[in-house]
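> So the sequences go chain by chain: A and B. Note that the first sequence covers residues 928 to 1199 in this note's numbering. Note that the second sequence covers residues 4 to 264 in this note's numbering.
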Amino acid sequence: MTTPTAVALEDAKVAFRLGDDRVYTAVEKAHLSVAQGEFVAIVGPTGCGKSTLLNVAAGLLKPAAGSVKIFDQPLAGLNRDAGYLFQADALFPWKTALDNVAIGLEIQGAPRAEALQRAQKWLTSVGLGAFAGRYPHMLSGGQRKRVALAQVLIRDPKILLMDEPFGPLDAQTRQVMGNLLLDLWNADRKAVLFVTHDLEEAIALADRVVIMSAGPSSRIIGDWRVSLPRPRDIFEVRLDKEFHALHREIWGVLKDEVMKGYAQSTQAAEAV
Amino acid sequence: MSRVTLLALQVLVAIVCLALWQLLSTVPVFGKILLPPFFFSNPVDVFAQIVKWFSSGVIWKHLGITLTESVLAFVIGSAGGVLVGFWFARQPLVAAVFDPYVKMVNALPRVVLAPIFALWLGLGIWSKVALGVTLVFFIVFFNVYQGVKEVSRTVLDNGRMLGMSERQLMQHVYWPSALSWMFSSLHTSVGFAVVGAVVGEYLGSAAGLGYLIQQAEGIFDVAGVFAGMFVLSAFVILIDFGVTLVERRLLVWRPTVDGRG
């Protein structure tokens, strides 16, 4: 039996036109598929275009070549099956936490009372039941991420795209958020594409870890299956022997790319 | 410093200033009065004048007129500024075409328009409203324009990914963002609405605080001029206080300026 493919990038190339008419190729020939119910993490050095790839899957960016298929349908315009969790703060600052979560339902035409009721439930399930009336600036970074998670999940998207969502958080909060994400994900196992620069986080969360080379023209250079048992606890899984073996193996490949990426970014800085 | 001490010191400043004024305008120093009453009047006379205005009730009519003009100028100017600001921000081509003219009109000292408005709209309230509108419009316009243009890319993308249509983006993202910019300039625009009204009255009218001051000046009634100025200050402070209250209600979602949150 084959599970349907939620996201399939085939030979996707992403290029940007720079100010002086040169073309900058961010990602070259990316071949990536995420099966339904699969949690895939993309790891790569800074500036390798992993977020770019995510934006392509979201439909926010059009690939210069290649194709994007969502559930075997070519993607045109925005990906309506996907929920997107941004790295930066993306909550509406003029709405309370409750309204921020409810908005996804309201714009679909759900009656306000019902939207608010379900939003309250979601806030409770991300542990913020008592913070419904707070505005984003009154919440901590971690709390804002929780609201953002509820905002995305209340729409029940089939695919979850996450762009270093816990990047701005401190180490402990990241782990707590990782566990929260796994708990919520476990309930209905959506397809997840999770971008991060943190290899440990990637292994702890994902079913598959995909490594990208340093940019420009970065490619996917490795694909590892993580067969650690689920449900996982991020705190525990890091102590597992298999975790360490896998980490050593992947890091062996990733390290070179990180050094390359670092060298390139410093060179580029010197050239400027 | 405790609030009581602060208040005491603030009151002390007023008392010292008024006392010096009263002293220097009535008691000769080395045989000479430093503040001749003809030019400087004195606090007692000014206060008497204010009391007279309020006890006879004359002042209410003038205050009412000035208030009406200010409110009208603010409402019309803001509405125009919001509409045009939105339009320009969403239509870059229109903005580019009109850009030099907007700059030109904005560079013009608005006071020179007062005679034109008086000519076109007469000496009634509308020439003052028009002057106020030209002042308020540009402040609101620039803020709304900025507000719509500088909506955070991420927030906008988030709205799109949540499934908002263009109309819903307008309602849930552009509009609140533009309004927040407009409200952040509320003090300035309300202040300018009053300036427009008073300057307009001063230049030619039959009622209002500006008219009162101009009348007093016409007959060298310095006490009247100062009394008019004090009433005007109190009037502006009251309006400003009202604006602060409104602002606090409308911008609850904003972080406070002292960096908390």
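Positions of the beta carbon are idealized from the N, C-alpha and C atoms, including for glycine. Small disclaimer: the values here were computed from a predicted structure and weren't measured.
What's the C-alpha gap between B/Y104 and B/A98?
Position 101 of the second sequence, counted from the first residue, corresponds to residue 104 of chain B. Position 95 of the second sequence, counted from the first residue, corresponds to residue 98 of chain B. Approximately 10 Å between the Cα atoms of the pair.
> At 8 Å on the CB atoms, spell out the chain A contacts of B/Q336, in chain order.
Outside the modelled stretch of chain B, which goes from 4 to 264, sits residue 336 of chain B, for which no answer is possible.
> Let me check one thing: in DSSP terms, what residues is A/S1087 bridge-paired to?
Position 160 of the first sequence holds residue 1087 of chain A. The identity of residue 1087 of chain A in the sequence shown is Leu, whereas the question assumes Ser. Its beta-bridge partners are A/G1010, A/V1119.
> For a minimum of 3 consecutive residues, which ranges assigned as the beta strand (DSSP E) are wholly contained in the stretch 44-119 of chain B?
The qualifying runs do not exist here; there are none.
> Where do the ends of the alpha helix (DSSP H) carrying A/D1026 lie?
Your numbering for residue 1026 of chain A matches position 99 in the first sequence. First-last of the alpha helix (DSSP H) with A/D1026: 1024-1033.
> According to the Cβ coordinates, are B/A209 and B/I68 closer than 7 Å?
Here the question's residue 209 of chain B lines up with position 206 in the second sequence. Here the question's residue 68 of chain B lines up with position 65 in the second sequence. Against a cut-off of 7 Å, the Cβ pair of B/I68 and B/A209 comes out as no contact.
> Using only the alpha-carbon positions, how far apart do B/V147 and B/Y177 sit?
To locate residue 147 of chain B, count along the second sequence from 1; it is residue 144. To locate residue 177 of chain B, count along the second sequence from 1; it is residue 174. Computed Cα separation, rounded: 10 Å.
> Using the three-state DSSP reduction, which class does B/W256 fall into: helix, strand or coil?
Within the second sequence, numbered from 1, the residue matching residue 256 of chain B stands at position 253. Coil at B/W256, not helix or strand.
> Under the three-state reduction of DSSP, which class applies to B/D160: helix, strand or coil?
The residue labelled residue 160 of chain B in the question sits at position 157 within the second sequence. Helix.
> Classify B/G262 as helix, strand or coil using the three-state DSSP reduction.
Within the second sequence, numbered from 1, the residue matching residue 262 of chain B stands at position 259. Caution is warranted here: a pLDDT of 42 is assigned to B/G262, below 50, making its placement in the model unreliable, and the coordinate value is therefore given only provisionally. Note: B/G262 maps to coil in three-state DSSP.
> Tell me the DSSP secondary structure of A/K956 in three-state form.
Here the question's residue 956 of chain A lines up with position 29 in the first sequence. A/K956: strand per DSSP, three-state reduction.
> Which residue's Cα is closest to the Cα of A/G986: A/R1007, A/A992, A/L1132?
Numbered from its first residue, the first sequence carries residue 986 of chain A at position 59. If we check each option's Cα against that of A/G986, A/R1007 comes out closest.
> Hey, is A/F1013's beta-carbon within less than 7 Å of any beta-carbon in chain B?
Translated into positions along the first sequence, residue 1013 of chain A becomes position 86. At least one chain B Cβ lies under 7 Å of A/F1013.
> Residues of chain A with CB under 7 Å from B/M167, in chain order?
Mapped onto the second sequence, residue 167 of chain B falls at position 164. Those are I1034, listed as they occur along chain A.
> Identify whether A/Y951 lies in helix, strand or coil by the three-state DSSP scheme.
Counting from one through the first sequence, the residue named residue 951 of chain A turns up at place 24. A/Y951: strand per DSSP, three-state reduction.
> So A/F1170 and A/I1130 are supposed to be a Cβ contact under 8 Å. How far apart are they, rounded?
As a first step, residue 1170 of chain A must be located in the first sequence, where it is residue number 243. As a first step, residue 1130 of chain A must be located in the first sequence, where it is residue number 203. With a Cβ gap of about 6 Å, A/F1170 and A/I1130 count as contacting.
> With a threshold of 8 Å, are at least 3 pairs of Cβ atoms found where one atom belongs to the stretch 951-971 of chain A and the other to the stretch 1117-1136 of chain A?
Touching, yes.
> Taking the alpha helix (DSSP H) that B/G150 falls in, what are its first and last residues?
Counted from its first residue, the second sequence places residue 150 of chain B at position 147. Its alpha helix (DSSP H) spans residues 128-152.
> How is the alpha helix (DSSP H) around B/F195 delimited, first residue to last?
Translated into the one-based positions of the second sequence, residue 195 of chain B becomes position 192. 189-206 is the extent of the alpha helix (DSSP H) around B/F195.
> Could you check what DSSP says for A/V1185 in three-state terms: helix, strand or coil?
Here the question's residue 1185 of chain A lines up with position 258 in the first sequence. Here A/V1185 sits in helix by DSSP.
> For the putative contact between B/F77 and B/I142, defined by C-beta atoms under 8 Å, what is the C-beta separation to the nearest angstrom?
Reading the second sequence from its first residue, position 74 is the one you call residue 77 of chain B. Reading the second sequence from its first residue, position 139 is the one you call residue 142 of chain B. Incorrect: roughly 10 Å between the Cβ atoms, too far for contact.
> Against chain B, does A/A1017 count as a neighbour if the rule is that its beta carbon must be under 7 Å from one of theirs?
Locating residue 1017 of chain A in the first sequence gives position 90, counting from the first residue. At least one chain B Cβ lies under 7 Å of A/A1017.
> For A/Q1000, which three-state DSSP category applies?
In the first sequence, the residue the question calls residue 1000 of chain A occupies position 73. Three-state DSSP puts A/Q1000 in a strand.
> Quick one: is A/W1049 near chain B, going by C-beta distance under 7 Å?
As a working note, residue 1049 of chain A is residue 122 in the first sequence. No, A/W1049 does not count as interfacial toward chain B.
> What residues match up with A/S1145 in a beta bridge as DSSP calls it?
In the first sequence, the residue the question calls residue 1145 of chain A occupies position 218. DSSP, once it has assigned bridges, lists A/V954 as partnering A/S1145.
> Cβ closer than 9 Å: which chain B residues qualify as neighbours of A/R1082?
Stepping through the first sequence from its first residue, residue 1082 of chain A is reached at position 155. Within 9 Å Cβ-Cβ: L165, G166.
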